[in-house]
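Residue numbers for the sequence shown follow our numbering, beginning at 6 and rising by one.
Cβ coordinates follow ideal geometry from the N, Cα and C atoms, glycine included.
Structure first, commentary second.
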Amino acid sequence: MALQTILKKSYLETVFEEVEQGIGLDRFKEDMFPYDENFLLVTPQVKHPENLLGQLKATTDGDFQSAIAIYNAYPTLTPLQAINVQFWESLCLTDAFPYMRDRWHLRDSKDDEELKRGIINHFTMENGLMRHGLGGLWWLVHLTVDEDRDQRFELTEMLFKNYTLRFIRLGVGKVIQHKEAAIGILQFIKDNERYITSMENVANSLTSYFNKLGAVKQLTFLDRHFFYHEMEEHIDEFMNTSNRDAQNSEGEVQ
Numbered sequence: 006m007a008l009q010t011i012l013k014k015s016y017l018e019t020v021f022e023e024v025e026q027g028i029g030l031d032r033f034k035e036d037m038f039p040y041d042e043n044f045l046l047v048t049p050q051v052k053h054p055e056n057l058l059g060q061l062k063a064t065t066d067g068d069f070q071s072a073i074a075i076y077n078a079y080p081t082l083t084p085l086q087a088i089n090v091q092f093w094e095s096l097c098l099t100d101a102f103p104y105m106r107d108r109w110h111l112r113d114s115k116d117d118e119e120l121k122r123g124i125i126n127h128f129t130m131e132n133g134l135m136r137h138g139l140g141g142l143w144w145l146v147h148l149t150v151d152e153d154r155d156q157r158f159e160l161t162e163m164l165f166k167n168y169t170l171r172f173i174r175l176g177v178g179k180v181i182q183h184k185e186a187a188i189g190i191l192q193f194i195k196d197n198e199r200y201i202t203s204m205e206n207v208a209n210s211l212t213s214y215f216n217k218l219g220a221v222k223q224l225t226f227l228d229r230h231f232f233y234h235e236m237e238e239h240i241d242e243f244m245n246t247s248n249r250d251a252q253n254s255e256g257e258v259q
């Protein structure tokens, strides 16, 4: 199997600087992005997957399927490699370009400004790694996969199927970036979902609570049982705290 190729950082920077300036936007509507192969580099120890594009589903409902496909496509990818902006931005312009173009409806853009926003928001790290169109999918799987389960992607699927959990602070927040926290919190929610009256309140409040707790306690050294227990202790409070109150409370601490 061939090794994965990526584009040179300088080339990526040029492409996205041009996007910012409104130059060459129509390239992002083509069948394949017309990148210059002279700027390709080989990524050591990362093998090029077969038929990744065929496993990606360019719809919101298909995000879980796409995330699993991306995660499984690169079984040797390490977290250190997976924070490499160059890796994910390259895939957006090469192997996964048709998926990215269709997933973010670039051909349906009303004008150049909308097209530009779609590219910057999802092809680059402008809004952070967890919101990136490809890197964010890989990381959400990496942080929620549990090899001790019969169905190792059980919590991953729950996160992806719940729009509120994934997009209202929790899925893009700091606390979920600690794997044990992600598993403990999601397991509690899975076990008690039928009793939770406002998932939006819970997502906002638990994120604020653990952000504040992280200021006085090293959360990265704590296991999933700690986070599960904390959820048990505070779930009523989380459900009854409004979104504004949760955010104001967090702001006071900061």
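TODO: Compute the Euclidean distance between the alpha carbons of Lys222 and Tyr214, then round it to the nearest angstrom.
DONE: 12 Å
Task: Assigned exposure category for Tyr76 - 16 Cβ within 10 Å defines buried - done: buried
Open item on the list: Within a Cβ cutoff of 6 Å, which residues of the same chain sit near Gly178, ignoring the five residues on either side of it in sequence?
Closed with: Thr212
Task: Alpha carbon of Leu116 to alpha carbon of Phe128, nearest angstrom - done: Note that residue 116 is Asp in the sequence shown, not Leu. Whole-angstrom Cα-Cα distance: 18 Å.
Task: Straight-line Cα distance separating Ile11 from Gln95 - done: The sequence given here places Ser at residue 95; Gln does not occur at that position. Approximately 5 Å, taken between the alpha carbons.
- [ ] Could you pull the start and end residues of the alpha helix (DSSP H) that Gln331 belongs to?
- [x] The chain is shown only over 6 to 259; residue 331 falls outside these bounds and no answer can be derived.
Open item on the list: Suppose contacts are defined by Cβ-Cβ distances below 8 Å. Is Leu164 in contact with Thr149 by that definition?
Closed with: yes
Open item on the list: Taking only three categories from DSSP, how would you classify Glu255?
Closed with: Residue placement at Glu255 is flagged as unreliable, the pLDDT there being 49, under the threshold of 50; a coordinate-derived value is accordingly withheld.
Open item on the list: If distances are taken between C-alpha atoms only, which option among Met6, Gln26, Gln9, His230 comes closest to Arg122?
Closed with: Gln26
Open item on the list: Are the CB atoms of Ala63 and Asp107 within a distance shorter than 8 Å?
Closed with: yes
Task: Spatial neighbours of Gly141 in its chain, beta-carbon cut-off 6 Å, leaving aside the 5 residues before and after - done: Met135
TODO: Apply the 10 Å Cβ neighbour rule to Leu8 and answer buried if 16 or more other Cβ atoms are within range, or exposed otherwise.
DONE: exposed
Task: Neighbourhood of Gly138 by C-beta, 6 Å cutoff - its chain only, sequence neighbours within 5 removed - done: Met105, His127
- [ ] Let me know if Ser71 comes out buried or exposed under the rule of 16 or more other beta-carbons within 10 Å of its beta-carbon.
- [x] buried
TODO: List the endpoints of the continuous beta strand (DSSP E) containing Pro49.
DONE: 45 to 52
Open item on the list: If you reduce the DSSP assignment to three classes, tell me which class Leu57 lands in.
Closed with: helix
TODO: Kindly indicate which three-state DSSP category Ile181 falls into: helix, strand or coil?
DONE: helix
TODO: Would you decide whether Val47 is buried or exposed? Buried here means 16 or more other CB atoms lie within 10 Å of its CB.
DONE: exposed
TODO: Look up Leu8 in the DSSP assignment and say whether it is helix, strand or coil.
DONE: strand
TODO: Use the C-beta contact count for Met6: other C-beta atoms within 10 angstroms, 16 or more gives buried, fewer gives exposed.
DONE: exposed
Task: C-alpha distance - Val20 paired with Ser114, whole-angstrom precision - done: 19 Å
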